[in-house]
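Per full-length UniProt numbering, residue 1 is the first one in the sequence shown, and the count goes up by one each step.
All C-beta atoms, glycine included, are put in the ideal place defined by N, C-alpha and C.
Inspection log for the structure reproduced underneath, given as structure tokens.
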Amino acid sequence: MTRRGTLPPALLLLLLAAALVATTTTVSGQGRPVTDSGAETPPTPSSFTPKDSFLIDCGGTAPVTADGKSYKTDAQANHLLSANDAIRVAADDKADVPSPLYATARVFKEEAVYSFPLTVPGWHFIRIYLFPIKGGDVDLASATFSVVTDDNVLLHSFTPENKPVMKEYMINATENHLALKFQPLKGSAAFVNAIEVVNAPDELITDSALAVAPLGEITGLVHDAYQVLYRINVGGPAIGPANDTLGRRWETDAAYVQIREAVKDVSVPTSTIKFPDGTSRLVAPTLVYASAAKMADADVGSPNFNLTWKVDVDPSFSYLVRLFFADIVSKATNDLYFDVYISGRKAMSGLDLSTVTGGELAAPYYKDFVVNSSSLEGAEGKGKLSVQVGPMGQDTGRIDALLNGMEVLKMSNSVGSLDGEFGVDGRKADDGSGGRKAVAAVGFAMMFGAFAGLGAMVVKWYKRPQDWERRESFSSWLLPIHTGQSFTASGKGGYGSHKSGNTFSSTMGLGRFFSLAEWGMQWKRKGLIEKIMDPKLAGTVNPESLAKFAETAEKCLAEFGSDRISMGDVLWNLEYALQLQDANPPEGAQQDGEDGAAAEGGGGGAVVPAASASGGGVPDASTTAAGELFQQLADMKGR
Numbered sequence: 001m002t003r004r005g006t007l008p009p010a011l012l013l014l015l016l017a018a019a020l021v022a023t024t025t026t027v028s029g030q031g032r033p034v035t036d037s038g039a040e041t042p043p044t045p046s047s048f049t050p051k052d053s054f055l056i057d058c059g060g061t062a063p064v065t066a067d068g069k070s071y072k073t074d075a076q077a078n079h080l081l082s083a084n085d086a087i088r089v090a091a092d093d094k095a096d097v098p099s100p101l102y103a104t105a106r107v108f109k110e111e112a113v114y115s116f117p118l119t120v121p122g123w124h125f126i127r128i129y130l131f132p133i134k135g136g137d138v139d140l141a142s143a144t145f146s147v148v149t150d151d152n153v154l155l156h157s158f159t160p161e162n163k164p165v166m167k168e169y170m171i172n173a174t175e176n177h178l179a180l181k182f183q184p185l186k187g188s189a190a191f192v193n194a195i196e197v198v199n200a201p202d203e204l205i206t207d208s209a210l211a212v213a214p215l216g217e218i219t220g221l222v223h224d225a226y227q228v229l230y231r232i233n234v235g236g237p238a239i240g241p242a243n244d245t246l247g248r249r250w251e252t253d254a255a256y257v258q259i260r261e262a263v264k265d266v267s268v269p270t271s272t273i274k275f276p277d278g279t280s281r282l283v284a285p286t287l288v289y290a291s292a293a294k295m296a297d298a299d300v301g302s303p304n305f306n307l308t309w310k311v312d313v314d315p316s317f318s319y320l321v322r323l324f325f326a327d328i329v330s331k332a333t334n335d336l337y338f339d340v341y342i343s344g345r346k347a348m349s350g351l352d353l354s355t356v357t358g359g360e361l362a363a364p365y366y367k368d369f370v371v372n373s374s375s376l377e378g379a380e381g382k383g384k385l386s387v388q389v390g391p392m393g394q395d396t397g398r399i400d401a402l403l404n405g406m407e408v409l410k411m412s413n414s415v416g417s418l419d420g421e422f423g424v425d426g427r428k429a430d431d432g433s434g435g436r437k438a439v440a441a442v443g444f445a446m447m448f449g450a451f452a453g454l455g456a457m458v459v460k461w462y463k464r465p466q467d468w469e470r471r472e473s474f475s476s477w478l479l480p481i482h483t484g485q486s487f488t489a490s491g492k493g494g495y496g497s498h499k500s501g502n503t504f505s506s507t508m509g510l511g512r513f514f515s516l517a518e519w520g521m522q523w524k525r526k527g528l529i530e531k532i533m534d535p536k537l538a539g540t541v542n543p544e545s546l547a548k549f550a551e552t553a554e555k556c557l558a559e560f561g562s563d564r565i566s567m568g569d570v571l572w573n574l575e576y577a578l579q580l581q582d583a584n585p586p587e588g589a590q591q592d593g594e595d596g597a598a599a600e601g602g603g604g605g606a607v608v609p610a611a612s613a614s615g616g617g618v619p620d621a622s623t624t625a626a627g628e629l630f631q632q633l634a635d636m637k638g639r
């Protein structure tokens with residue numbers, strides 16, 4: 001029995017499920033565990049032995065060990081170098097050199113090429129150590145040169161500062177060799193103190209990430225080259241190459257955190273961190289997950305601030321930002337929800353780490369974001385990229401937020417350059433705006449299609465047969481899914497199998513669909529799904545019916561398409577929920593069915609006549625409400 005003056009439960013369930021599904025389609029890829037596969041996989045080992053490992057102390061005459069790594073001398077690596085004129089230089093005063101790697105150098109007056117034979121294709125680290133030492137009559141401070149590979153510009157017209165620097169890159173090598181070319185400017189010189197070329201695990205760079213502006217999934221990341229600009233252990237100590245399986249260096253966040261008084265550093269023993277089966281231990285060392293920065297004033301009455309970190313970037317490039325999380329502060333699951341902002345834009349809403357890690361606390365999780373140049377903060381010529389975490393601002397549990405670590409990688413532009421606007425072949429980079437506009441247009445079209453489908457279902461309900469309950473199930477006339485009915489379908493994939501980015505801003509009304517969906521699932525995980533009901537409907541819905549509906553909605557919002565149910569199963573589950581409601585309606589629903597029309601039937605909207613069982617012209621209140629709802633959908637505007 002349905003309440004008169006309100007939508008019947010079937011339509012309420014159907015519309016909400018459709019809205020949740022449309023949301024899932026437009027913001028797919030919103031969260032990802034350390035491994036994206038839904039299937040069980042064997043544990044990933046914590047050790048890694050590279051098959052390609054070239055460590056050269058350029059200009060050195062004796063083997064050098066630094067940061068737990070052993071470097072070969074020039075003589076041992078001489079077969080890798082092709083140069084007409086190469087000079088060895090040693091620092092006059094080694095006391096001014098911070099590391100043995102910077103004490104010597106190779107100097108080139110003409111182009112010189114290091115050719116590295118590769119055992120395995122794929123991702124490789126390239127680390128170039130540069131320090132303009134003074135040796136004899138050679139002064140490298142005025143050297144100007146470029147460094148390129150066959151496909152990528154690493155440095156363009158580089159002039160060193162009077163301090164040691166290490167430039168780190170990640171290149172996806174597709175051939176069985178890698179060439180590193182040092183090209184001095186005419187009349188100048190090029191030099192290098194040390195070189196590393198080491199292959200890296202494939203899982204370090206995945207093919208997709210979440211674009212921040214416009215919000216949506218972006219793919220093809222494995223075809224780019226990257227320069228590692230920042231690798232930060234937030235809330236924890238610096239980590240040297242000797243304590244990282246892949247020889248990486250992590251710095252503290254002291255130089256980047258804003259308003260230190262708002263941040264509280266926390267840490268746990270590394271044994272506390274839980275790596276589920278299939279979770280890579282190589283993406284970041286355990287030490288990164290074992291420390292974090294959280295809100296220092298999270299216990300005050302109304303905390304209303306974000307934790308913020310800012311780094312300097314070149315605004316003419318796009319960036320891959322990887323954030324690391326592990327909930328080392330919560331005592332129970334589903335108790336900590338917070339938002340994530342990248343460059344001033346909301347990138348994740350209501351992040352619940354215990355949910356995305358499969359119900360575990362202190363389990364590793366990371367998320368990749370792509371920030372394009374147009375969304376960077378700061379003045380022309382010098383940009384700022386910010387990362388923020390803050391509380392949701394809703395009653396969803398403890399008010400707090402945390403961040404464990406972050407990496408910022410510069411992405412190569414359209415001509416493969418990581419420094420300057422020209423490629424190896426001299427082509428000039430474009431701004432890439434055409435591609436972004438195309439993605440935005442497709443995302444908007446798919447979002448519009450989702451709402452058009454929702455409107456069609458409302459119209460279908462509006463025009464349903466009056467005796468539909470006696471003749472057949474509502475799913476048989478709402479969608480032609482039953483055997484024996486003839487229909488034509490176009491498209492590809494199952495329910496929710498398409499992925500698309502959405503172009504709306506987090507401040508626009510359409511963005512609320514994502515927040516409502518996640519908000520509802522948060523209450524379900526707490527076992528309090530009834531909290532999301534309209535107070536006017538409280539006590540009128542059978543708890544078993546509501547639970548079945550919530551279960552269906554949760555399956556529609558599954559992270560992976562293979563875990564989502566088909567449209568036929570959705571309609572079957574909703575029909576079953578309706579049967580549960582009709583079989584045992586609460587007392588409030590029965591009373592409303594008897595006298596609710598007198599209390600709520602008047603006012604608002606045009607009444608459409610419908611034939612009653614006795615043949616009279618009594619208006620059908622549910623049809624009226626459907627018409628009003630459709631009108632609301634048609635008039636929907638951003639708020």
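Shortest alpha-carbon distance to residue 724 belongs to which of V234, G122, F182, S414?
Because the chain is modelled from 1 through 639, residue 724 falls outside the range shown and cannot be assessed.
Given that a residue counts as buried once 16 or more other Cβ atoms are within 10 Å of its Cβ, and exposed if not, what is T65?
So T65 ends up on the exposed side.
With a CB to CB cut of under 6 Å and the five nearest residues on each side skipped, what residues in its chain are close to W250?
Hits under 6 Å: R231, N233, I239.
In chain order, what residues of the same chain lie with their CB nearer than 6 Å to the CB of L246, ignoring the 5 residues before and after it?
Answer for L246: no residue qualifies.
Are the CB atoms of Y256 and R322 nearer to each other than 8 Å?
Contact flag unset, no.
Under the rule that 16 or more other beta-carbon atoms within 10 Å means buried, what is V370, buried or exposed?
It is buried - the Cβ of V370 has at least 16 other Cβ atoms within 10 Å.
What are the start and end residues of the beta strand (DSSP E) that includes K294?
First-last of the beta strand (DSSP E) with K294: 291 to 295.
Quick check on the burial criterion: 16 or more other C-beta atoms within 10 angstroms. Buried or exposed for K163?
Exposed is the call here.
By DSSP, does N172 sit in helix, in strand, or in coil?
Residue state, collapsed to three classes: strand.
Let's see if you can read the secondary structure: which residues bound the alpha helix (DSSP H) around L546?
Unbroken alpha helix (DSSP H) run through L546: 543 to 556.
Measure the CB-CB distance between M406 and V389 and report whether it falls below 8 Å.
Cβ distance not < 8 Å, so M406 and V389 don't count as in contact.
Helix, strand or coil for G617 per DSSP?
Bear in mind that a pLDDT of 41 at G617, under 50, signals an unreliable position, so the number given afterwards is only what the model happens to contain. Here G617 sits in coil by DSSP.
Excluding sequence positions up to five away, which residues of its chain have a Cβ less than 7 Å from the Cβ of F317?
So the list reads S373, K410, M411, N413, once near-sequence residues are dropped.
Which of the three DSSP states is assigned to I128 in this structure?
In this structure, I128 counts as strand in the three-state DSSP scheme.
Measure the alpha-carbon distance for K346 versus P184 and round it to whole angstroms.
One C-alpha to the other measures close to 44 Å.
Consult DSSP for G568 and reduce its assignment to one of helix, strand or coil.
Here G568 sits in helix by DSSP.
Could you give the DSSP three-state label for V283: helix, strand or coil?
If DSSP states are grouped into helix, strand and coil, V283 belongs with coil.
Should G511 go down as buried or exposed, given a rule of 16 or more other Cβ atoms within 10 Å for buried?
With a pLDDT of 34 at G511, under the threshold of 50, the predicted position of this residue should be treated as unreliable, though the coordinate-derived value follows. Buried, since its Cβ has 16 or more Cβ neighbours within 10 Å.
With DSSP collapsed to three states, give me the class of Y576.
In this structure, Y576 counts as helix in the three-state DSSP scheme.
Where does the unbroken beta strand (DSSP E) through L320 begin, and where does it stop?
It spans 319 to 325 - the beta strand (DSSP E) in which L320 sits, taken as one unbroken run.
Suppose the cutoff is 8 Å on Cβ atoms and the five residues either side in sequence are ignored; what does the same chain contact list for E551 look like?
Cβ within range, chain order: N573.
Just mark S142 as buried or exposed, buried being the case when its beta carbon has 16 or more other beta carbons within 10 Å.
Classification for S142: exposed.
Does R106 get closer than 8 Å to chain D when you measure Cβ to Cβ?
Considering every chain present, this structure includes no chain D. It has just one protein chain.
Just reading off the beta strand (DSSP E) that I119 is part of, what are its end residues?
The residue you asked about is not Ile; residue 119 is Thr in the sequence shown. First-last for T119: undefined, no H or E at that position.
Hey, out of N193, T159, Y169, whose CA is closest to Y71's CA?
Of the listed residues, the one whose Cα sits closest to Y71 is N193.
With three or more C-beta pairs closer than 8 Å as the rule, is the region 104 to 115 touching the region 72 to 89?
With a cut-off of 8 Å, the region 104 to 115 and the region 72 to 89 count as touching, because enough Cβ pairs lie within range.
Relative to the C-alpha of F125, which residue among G420, G60, K51, G520 is closest?
When each option's Cα is compared against that of F125, the closest is K51.
Within this structure, are the beta carbons of E175 and F54 separated by less than 8 Å?
The answer is no: Cβ separation not under 8 Å.
Taking the continuous beta strand (DSSP E) assigned at S142, which residues delimit it?
Counting along the chain, S142 falls outside any beta strand (DSSP E), and DSSP gives it neither H nor E.
Hey, out of P98, P132, P285, whose CA is closest to S47's CA?
Among P98, P132, P285, the Cα nearest to that of S47 is on P285.
Confirm, please, whether the CB-CB distance from P303 to residue 676 is below 8 Å.
Residue 676 is absent from the structure shown; the chain starts at 1 and stops at 639.
In the DSSP output, which residue or residues are listed as bridge partners for P183?
Correcting the residue identity first, residue 183 is Gln in this sequence and not Pro. S146, per the DSSP bridge assignment.
Along the chain, where does the beta strand (DSSP E) containing S53 start, and where does it finish?
Element bounds for S53: 53 to 57.
Run the CB neighbour count on E594, radius 10 Å, all protein chains shown included, and call it buried at 16 or more, exposed below.
Per-residue confidence for E594 stands at a pLDDT of 46, beneath the threshold of 50, marking its modelled position as unreliable; the derived number appears in the next sentence. With fewer than 16 other Cβ atoms within 10 Å, it is exposed.
Starting from L418, follow the alpha helix (DSSP H) in both directions and report where the run begins and ends.
Neither: L418 is in no alpha helix (DSSP H) and is coded neither H nor E.
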